[in-house]
Amino acid sequence: MRIHEHPILGSLPDTHLVTITVDGRPILARSGEPIWAALMAAGIVVAHYTHTLREPRGAFCGIGRCTDCAMTVDGVPNVRTCVAPVQEGMVVETQDRLEP
Amino acid sequence: MNDVDILVIGAGPAGLAAAAAAGTRASVLVADEHGAPGGQLRKQIHKFFGSSRHFAGKRGFAIAWELEAQARAAGAEFALNTVVYSLQPDLTASLAGPDDTRHVRAQRVILATGASENAVAFPGWTLPGVMTAGAAQTLVNLHRVLPGRRGLIVGSGNVGLVVGFQLAQAGADLAALVEIRPQVGGYSVHAGKLRRTGVPILTSSLLTRAGGAGRVQSAVIARCGADGQPLAATERAFAVDFICLAAGLHPASELARMAGCDCRGDTPIHSPELETTVPGLYVAGDAAGVEEASSAMEEGKLAATHALVSLGRLDKRLGLKDMAACRDVLAQLRGERRLEAGA
Numbered sequence: 005m006r007i008h009e010h011p012i013l014g015s016l017p018d019t020h021l022v023t024i025t026v027d028g029r030p031i032l033a034r035s036g037e038p039i040w041a042a043l044m045a046a047g048i049v050v051a052h053y054t055h056t057l058r059e060p061r062g063a064f065c066g067i068g069r070c071t072d073c074a075m076t077v078d079g080v081p082n083v084r085t086c087v088a089p090v091q092e093g094m095v096v097e098t099q100d101r102l103e104p
Numbered sequence: 059m060n061d062v063d064i065l066v067i068g069a070g071p072a073g074l075a076a077a078a079a080a081g082t083r084a085s086v087l088v089a090d091e092h093g094a095p096g097g098q099l100r101k102q103i104h105k106f107f108g109s110s111r112h113f114a115g116k117r118g119f120a121i122a123w124e125l126e127a128q129a130r131a132a133g134a135e136f137a138l139n140t141v142v143y144s145l146q147p148d149l150t151a152s153l154a155g156p157d158d159t160r161h162v163r164a165q166r167v168i169l170a171t172g173a174s175e176n177a178v179a180f181p182g183w184t185l186p187g188v189m190t191a192g193a194a195q196t197l198v199n200l201h202r203v204l205p206g207r208r209g210l211i212v213g214s215g216n217v218g219l220v221v222g223f224q225l226a227q228a229g230a231d232l233a234a235l236v237e238i239r240p241q242v243g244g245y246s247v248h249a250g251k252l253r254r255t256g257v258p259i260l261t262s263s264l265l266t267r268a269g270g271a272g273r274v275q276s277a278v279i280a281r282c283g284a285d286g287q288p289l290a291a292t293e294r295a296f297a298v299d300f301i302c303l304a305a306g307l308h309p310a311s312e313l314a315r316m317a318g319c320d321c322r323g324d325t326p327i328h329s330p331e332l333e334t335t336v337p338g339l340y341v342a343g344d345a346a347g348v349e350e351a352s353s354a355m356e357e358g359k360l361a362a363t364h365a366l367v368s369l370g371r372l373d374k375r376l377g378l379k380d381m382a383a384c385r386d387v388l389a390q391l392r393g394e395r396r397l398e399a400g401a
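Heads up: the protein sequence lines correspond to chains A and B, in order. With my numbering applied, the first sequence corresponds to residues 5 to 104, in that order. With my numbering applied, the second sequence corresponds to residues 59 to 401, in that order.
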């Protein structure tokens, strides 16, 4: 959920929107934001499934440290989506058993 | 190989204050992995208190702008979006930037790498939707997205209290903040702000487990005794879709270890002037022991001043006077925190 109005930060500034595809579904993202922010705004919290137990993982530290947010982006596995910015046309996939 | 007098690693309050203090007397390069300077100040939207020396009354992100302006005005150069992936005992650092990788030989290095948040393990803690309080704060204040609709905060230090308040401010519903100890850990002013939003602060309480299919859907809390163990028949379940862990921080000491600094736990051992056991290598801010932004600024200035004197760029008498002033202010800040904590 986007925070459109904020008591301290004011209205969400207008910005250029880009479209990314997440597991085949098109998602609108704000230019320059990390992939994670666009996913959370769309209500998507699972980034990948672990190798051995196939448990779901989602962003934990939000600052590029823990790698729980790793996903496959444009065919490249283990991209830290909490710090990697969105780009127009980016293809993001939930990673399955490709351990970061 | 580039040469620089002082390499500052990390552009948070400690690194920026160091660069501002040293930039006019030495060549200073500030490296930071993020796209903008400021470190965690960038996501602090509350007004800081304290003294004008530490920008009291200004919001965190505005302090970041001011410190950056001071550092740039002093002549410091910035390498942003740049990860320092190696630091050797001879103070050679390797930097991976957006376009290239370069190696820098520094006369002095100030490590201002900040801290990492502690995790808390409980059944269900790996479920998506469980995140550090810092992650939620980044999401809400920098990226303007809520982590969910209804959450629970674990830990009543200042981070837990402030992030709880800011989540409520941004429109999230919070079931409660739980604290395992019998009293609130952070400043009473922050606890008061959170309480006034209607969020209950439950002391002597702990999160016993989180549940959910594919993501967090519930949190179970219980009352606990002085031993931190849950008391029988006191469990309560809340429907939540996110949980924030605010269980303290530890110094980010990876580069200090790589360079060969002796550490006690996660903290590089350092002199009163913040020099580590590796000559010419300093730590400042949370990397030297977790405190808060005012202390970090003061430590950045202290380390930079000592570095300048040792390089012969600052008159020793002037330097000693400045360093004594920094240490006085640090002692005062630490005394105030002890008073606030009731110790």
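Ideal Cβ placement from N, Cα and C applies to all residues, glycine included. Everything numeric in this text was worked out from a predicted model, so none of it was measured.
Please state whether the Cβ-Cβ distance between residue i and residue j is less than 8 angstroms.
i, j, result
"T334/B", "A314/B", "yes"
"R202/B", "I7/A", "yes"
"P38/A", "C70/A", "no"
"R163/B", "T150/B", "yes"
"A310/B", "A345/B", "yes"
"Y340/B", "V167/B", "yes"
"G213/B", "L303/B", "yes"
"Y245/B", "N216/B", "yes"
"H104/B", "G118/B", "yes"
"L219/B", "L252/B", "yes"
"N44/A", "P186/B", "The displayed chain sequence assigns Met, not Asn, to residue 44/A. Not closer than 8 angstroms, so no."
"S329/B", "L391/B", "no"
"G81/B", "A122/B", "no"
"G70/B", "Q98/B", "yes"
"A317/B", "L65/B", "no"
"F296/B", "V274/B", "no"
"K116/B", "F107/B", "no"
"I225/B", "L235/B", "The residue asked about is misnamed: residue 225/B is Leu in this sequence, not Ile. No, these two residues do not count as a Cβ contact at 8 angstroms."
"H161/B", "S152/B", "yes"
Show which residues of chain A have a CB atom less than 8 angstroms away from the CB atom of residue i.
i, result
"Q102/B", "Correct list: empty, because the minimum Cβ distance to chain A is about 11 angstroms."
Quick one: is residue i near chain A, going by C-beta distance under 8 angstroms?
i, result
"I67/B", "no"
"A120/B", "no"
"A193/B", "yes"
"V257/B", "no"
"M189/B", "yes"
"V178/B", "no"
"Q227/B", "yes"
"V198/B", "yes"
"R254/B", "no"
"G213/B", "no"
"G272/B", "yes"
"A401/B", "Because A401/B sits at a pLDDT of 46, beneath the cut-off of 50, its placement in the model cannot be relied upon, and the point is left open."
Quick one: which chain B residues come within Cβ less than 7 angstroms of residue i?
i, result
"R6/A", "R202, V203"
"E59/A", "T184"
"L21/A", "Those within 7 angstroms of L21/A in chain B number zero; the least Cβ separation is about 14 angstroms."
"A41/A", "L197, H201, V203"
Within the 8 angstroms Cβ cut-off, does residue i reach chain B?
i, result
"R29/A", "no"
"L102/A", "no"
"A74/A", "no"
"L32/A", "no"
"V26/A", "no"
"P81/A", "no"
"A45/A", "yes"
"E97/A", "no"
"G62/A", "yes"
"V50/A", "yes"
Short of 7 angstroms in beta carbon distance, which residues of its chain neighbour residue i, apart from the five on each side in sequence? Order them along the chain.
i, result
"N176/B", "A305, G306, L307, H308"
"E126/B", "L74, P95, G96"
"V298/B", "R208, G209, L210, A233, V274, S276, A277"
For residue i, which residues from the same chain have a beta carbon less than 6 angstroms from its beta carbon, with the 5 sequence-adjacent residues on both sides left out?
i, result
"V141/B", "E91, A154"
"R417/B", "In the structure displayed, chain B extends from 59 to 401; residue 417/B sits before or after that span and is not available."
"R34/A", "T19"
Which residues in the same chain have their Cβ closer than 8 angstroms to the Cβ of residue i, if we skip the five residues on either side of it in sequence?
i, result
"V99/A", "First, the residue type needs correcting, since residue 99/A is Gln and not Val in the sequence shown. Result list for Q99/A: A51, H52, Y53, A74, M75, T76, P81, N82, in chain order."
"H248/B", "N216, L219, V220, F223"
"S368/B", "R166, G338"
Could you name the residues of chain A that residue i contacts, counting a contact when the two beta carbons are closer than 9 angstroms?
i, result
"R160/B", "Within chain A, no residue comes near R160/B; the closest Cβ sits about 21 angstroms away, beyond 9 angstroms."
Mind pulling the chain A residues with CB within less than 7 angstroms of residue i?
i, result
"P288/B", "Ordered by position in chain A, no residue passes the 7 angstroms Cβ test against P288/B, which lies about 24 angstroms from the chain."
"E175/B", "C65"
"G97/B", "Chain A residues near G97/B: none, gap ~10 angstroms exceeds 7 angstroms."
Cβ closer than 8 angstroms: which chain B residues qualify as neighbours of residue i?
i, result
"M94/A", "Going along chain B, no residue has its Cβ under 8 angstroms from M94/A, so there is no contact; the nearest lies around 17 angstroms."
"H10/A", "R202, Q227, A228"
"R69/A", "S174"
Using 8 angstroms as the cut-off, can you tell me whether the region 259–274 of chain B makes contact with the region 173–191 of chain B, which would need three or more C-beta pairs spanning the two stretches below that distance? Touching, yes.
Does the structure place the region 358–373 of chain B close enough to the region 71–85 of chain B that three or more beta carbon pairs sit under 8 angstroms? With a cut-off of 8 angstroms, the region 358–373 of chain B and the region 71–85 of chain B count as touching, because enough Cβ pairs lie within range.
Would the region 91–100 of chain A and the region 12–24 of chain A be scored as touching if the rule is three or more Cβ pairs under 8 angstroms? Under the three-pair Cβ rule at 8 angstroms, the region 91–100 of chain A counts as touching the region 12–24 of chain A.
Any 3 or more C-beta pairs closer than 8 angstroms across the region 75–84 of chain A and the region 136–150 of chain B: Judged by Cβ distances under 8 angstroms, the region 75–84 of chain A makes no contact with the region 136–150 of chain B, as fewer than three pairs qualify.
Is the region 284–300 of chain B touching the region 233–251 of chain B, taking contact as three or more C-beta pairs under 8 angstroms? Yes, they touch.
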